[in-house]
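Chemist: Residues in the sequence shown are numbered from 46 upward in steps of one, following the working numbering.
My questions will all concern the structure given below.
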Amino acid sequence: MRIDNIRIEQTSECARLAATVTWENRARAQGDLYFATPPEYADALSARADVFLPAFGLLATWYGEARLKIEGSVCPLLFEGVGANLRFLRAKEGWPRPLPAIEVKLDRTALPRCPGERTGLFLSRGIDSLFELRRNLDLVPRQHPFAIQDLLHVQGAGFPEDPNFRLGSRALEDITCKFAAITADTGISMIPILSNLRQIAAVHTPHFARFWQDHFHKAAIASVAHAFGGRLSRIIMASGCEAWAKAPTLSDLPHNYNSSTLQVTHFASFSRFEKTRMISEWPVGRDNILVCTKRSSSNCGKCLKCLWARTALAALGKESEAFDIGEVDPWVIRRLALITPSYFVHDYDTLLAPLRAAGRLDLVAAVEELLAWAGPWDTWRDGLISDLSSCLPAGARFVLVDDSALQLNGLAEDRRAIPFLERDGRYWGSPPDDATAIAELERLRGDEAGFLAVAWSSAWWFDTYPRWSAYLRERFPRILENPRVTVFDLRRAAERSTAA
Ligand SMILES: [Zn+2]
Numbered sequence: 046m047r048i049d050n051i052r053i054e055q056t057s058e059c060a061r062l063a064a065t066v067t068w069e070n071r072a073r074a075q076g077d078l079y080f081a082t083p084p085e086y087a088d089a090l091s092a093r094a095d096v097f098l099p100a101f102g103l104l105a106t107w108y109g110e111a112r113l114k115i116e117g118s119v120c121p122l123l124f125e126g127v128g129a130n131l132r133f134l135r136a137k138e139g140w141p142r143p144l145p146a147i148e149v150k151l152d153r154t155a156l157p158r159c160p161g162e163r164t165g166l167f168l169s170r171g172i173d174s175l176f177e178l179r180r181n182l183d184l185v186p187r188q189h190p191f192a193i194q195d196l197l198h199v200q201g202a203g204f205p206e207d208p209n210f211r212l213g214s215r216a217l218e219d220i221t222c223k224f225a226a227i228t229a230d231t232g233i234s235m236i237p238i239l240s241n242l243r244q245i246a247a248v249h250t251p252h253f254a255r256f257w258q259d260h261f262h263k264a265a266i267a268s269v270a271h272a273f274g275g276r277l278s279r280i281i282m283a284s285g286c287e288a289w290a291k292a293p294t295l296s297d298l299p300h301n302y303n304s305s306t307l308q309v310t311h312f313a314s315f316s317r318f319e320k321t322r323m324i325s326e327w328p329v330g331r332d333n334i335l336v337c338t339k340r341s342s343s344n345c346g347k348c349l350k351c352l353w354a355r356t357a358l359a360a361l362g363k364e365s366e367a368f369d370i371g372e373v374d375p376w377v378i379r380r381l382a383l384i385t386p387s388y389f390v391h392d393y394d395t396l397l398a399p400l401r402a403a404g405r406l407d408l409v410a411a412v413e414e415l416l417a418w419a420g421p422w423d424t425w426r427d428g429l430i431s432d433l434s435s436c437l438p439a440g441a442r443f444v445l446v447d448d449s450a451l452q453l454n455g456l457a458e459d460r461r462a463i464p465f466l467e468r469d470g471r472y473w474g475s476p477p478d479d480a481t482a483i484a485e486l487e488r489l490r491g492d493e494a495g496f497l498a499v500a501w502s503s504a505w506w507f508d509t510y511p512r513w514s515a516y517l518r519e520r521f522p523r524i525l526e527n528p529r530v531t532v533f534d535l536r537r538a539a540e541r542s543t544a545a
């Protein structure tokens, strides 16, 4: 693949660093990649080839491009580091294809450092980045070069991603608004950034989602950091130490994204609970926590991460305006399926002692029950396969609600899963509404689907499609229900209606 035509463009609305991306081995459209920010930060943008090496080194590898050719020259230090990360990830993940040849000039001259030292922090408002901000404010004198002077928030190139997010003229302002309380309280400026990196990089498969989360996210963020190399000499990426230690696939190394002008720093020396404790004593931080995996600009209060944060705050005896639900319901914790990433199991584990100390034995019991079921994605999938093998008769055709995430090829061949929704035997996305879900269920039932199974990873369907859910529960007996899967027998209701 080639990256060329690297340029900085300015309009009255924004300043953009852009480049043309051309695929050479993959049949993907040529397109312009950009990183956009308000005009007042135009000087921060760096049009060096360095910007593209972290993200596109990994993309070229993953997509099997024979080479990555970038116009211009890169810092030799960054070249070495990205190469090391790629070799490391390929060996670790067993990617079969050879690494792409990286064709780029090395800039061997002594590179000018940006004027003055300046440190930035990527801030998502998650526990890790809020903690890094608070700790930096508490520990580092404001005049020191390590003191955070810029907060950066990027949409379109990182996560958490907003599924409803559209790149538009108001998007930069919207980001600035969401951080207004924090910038007012800390006096630190916020640089909003929009990019289409995710659009340029993505294919819509579960494999890509996994690749993004496990590998690409940090490389993408490193590219964003280098795009602001005209202003920053150091950038802090916050993440959890449990994630680092427990999830081996997250272990590509941020310091390998250093160049001679930009240092990428990563800290992970405190547990998530310790970080939450520190944030809980900072009212603006506490009220601006945003951890949800389901929503983007507010917390649902019920997902894996929301519930963890709420339970941690309950153990600390603190309340937060970030969650508009009051007390944590032990039943909701019990019902929460703990799935991949498996390091989150450890995060729940760490809540037991503080909850006991706070006398919240109801929550202790709920978390213990949750942990008893917890396991990584693969273990759950294997468990679900044996659940289905034991409860479905040989030769059964069944509807599988899994949003095409599970790939159940371990099922005995004579039991056949029908995706839901389905078109010509292929997965056709989630339904727009209850009525469609019910009509499609009935259509497949008429087509001799005997059962319907809802996998844990798609349990959100029960909340999102309440009429479909009630329709199922009222008409069809449940022949299996556990935290992994709920199975309905679609045949017996047919008998009843025939009898009637
Ligand atoms: Zn949530």
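Beta carbons: idealized from backbone N, C-alpha and C, even for Gly.
Computed from a predicted model, the values in this text were never measured in an experiment.
Which residues mark the beginning and the end of the beta strand (DSSP E) in which residue 461 is found?
Modeler: 461-464
Chemist: Buried or exposed for residue 290, going by 16 or more other Cβ atoms inside 10 Å?
Modeler: Residue confidence for residue 290 is low, a pLDDT of 48 falling below 50, so the modelled location carries little weight and cannot support an answer.
Chemist: Cβ of residue 333 within 7 Å of any heavy atom in ligand 1?
Modeler: no
Chemist: From the DSSP output, in three-state form, read off residue 126 for me.
Modeler: helix
Chemist: Using a Cβ-Cβ cut-off of 7 Å (strictly less than) and excluding sequence neighbours within five positions of residue 145, which residues of its own chain qualify?
Modeler: Excluding residues within five positions, the ones whose Cβ falls inside 7 Å are 105, 106, 110, 111, 112, 113.
Chemist: Might you give, ordered along the chain, the residues of its own chain that have their beta carbon closer than 8 Å to the beta carbon of residue 234, omitting 5 neighbours on each side?
Modeler: 194, 195, 196, 228
Chemist: Which of the three DSSP states, helix, strand or coil, is assigned to residue 328?
Modeler: helix
Chemist: Answer yes or no: do residue 99 and residue 302 have a C-beta to C-beta separation smaller than 8 Å?
Modeler: yes
Chemist: When every heavy atom of ligand 1 is checked, does at least one fall within less than 7 Å of the C-beta of residue 263?
Modeler: no
Chemist: Under the three-state reduction of DSSP, which class applies to residue 55: helix, strand or coil?
Modeler: strand
Chemist: Can you determine whether any heavy atom of ligand 1 sits closer than 7 Å to the C-beta of residue 338, and answer yes or no?
Modeler: yes
Chemist: Could you check the C-alpha separation between residue 127 and residue 168 for me, to the nearest Å?
Modeler: 24 Å
Chemist: Which term fits residue 304, buried or exposed, when burial requires 16 or more other beta carbons within 10 angstroms of its beta carbon?
Modeler: buried
Chemist: Provide the residue(s) that pair with residue 114 in DSSP beta bridges, ordered along the chain.
Modeler: Bridge partners of residue 114 according to DSSP: 47, 148.
Chemist: When you measure from the CB of residue 346 to every non-hydrogen atom of ligand 1, does any distance come out below 7 Å?
Modeler: yes
Chemist: Since I believe residue 60 is in contact with residue 52 (beta carbons under 8 Å), could you give me their beta-carbon distance rounded to a whole number of angstroms?
Modeler: Between residue 60 and residue 52 the Cβ distance is about 11 Å, and since that is not below 8 Å, they are no contact.
Chemist: Taking residue 336 as the reference, give the member of 345, 328, 423 with the closest Cα.
Modeler: 345
Chemist: Out of curiosity, what's the CA-to-CA distance linking residue 108 and residue 256?
Modeler: 11 Å
Chemist: Are the stretch 430-446 and the stretch 400-419 touching, with three or more C-beta to C-beta distances below 8 Å?
Modeler: no
Chemist: With DSSP run on the structure shown, which of helix, strand or coil describes residue 440?
Modeler: coil
Chemist: Consider the C-beta atom of residue 350 and the heavy atoms of ligand 1; say whether any pair is separated by less than 7 Å.
Modeler: At a threshold of 7 Å, residue 350 counts as near ligand 1, since its beta carbon sits closer than that to one of the ligand's heavy atoms.
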